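Notes to accompany the following structure.
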Amino acid sequence: MARAEALQQRASGFEPAASALVLALIDAKLAHETRRSTLPASRLLRVGPIVLCWRAGDYSRFGLGLQDALRDLVQPV
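In my numbering, the protein residues as written are 57 to 133.
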């Protein structure tokens, strides 16, 4: 998550300036990483948020797809 936060902070100073689409993607990446970092400790309670992010395409867009989704499901918090 620290890398996504650093990218968001640096993006405003890009030369040439980053497009609105790029800035929106950076914000979405940070939001995805924030959601991942706040998943519940209970694996059962993680299923809903993980499925929602999977269906929205966030795991494929901002990570390693199914590999990251499964990792979030089984990895201890």
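Virtual Cβ for every residue (Gly too), placed ideally from N, Cα, C.
On a predicted model such as this, the values are computed, not experimentally measured, just so you know.
Whose C-beta lies closer than 6 Å to the C-beta of residue i among residues of the same chain, with five residues either side of it excluded?
| i | result |
| --- | --- |
| V133 | A97 |
Pull up the CB-CB distance for residue i and residue j, whole angstroms please, since I reckon it's below 8 Å.
| i | j | result |
| --- | --- | --- |
| L95 | D124 | Not quite, the Cβ-Cβ distance comes to about 12 Å (not below 8 Å), so this is no contact. |
| A60 | L86 | 4 Å |
| V78 | R99 | Incorrect: roughly 35 Å between the Cβ atoms, too far for contact. |
Leaving out five residues before and five after residue i in sequence, what residues of the same chain have Cβ atoms less than 7 Å from its Cβ?
| i | result |
| --- | --- |
| C109 | H88, R91, Y115 |
Quick one: residues in its chain with C-beta nearer than 8 Å to the C-beta of residue i, no 5 flanking neighbours on either side, listed in chain order?
| i | result |
| --- | --- |
| D83 | Q64 |
Can you list the alpha helix (DSSP H) stretches of 4 or more residues lying completely in the region 61-115, in chain order?
76-93, 99-112
Indicate whether the contact test is met: 3 or more Cβ pairs, each with one atom in the region 68-76 and one in the region 96-110, closer than 8 Å.
no
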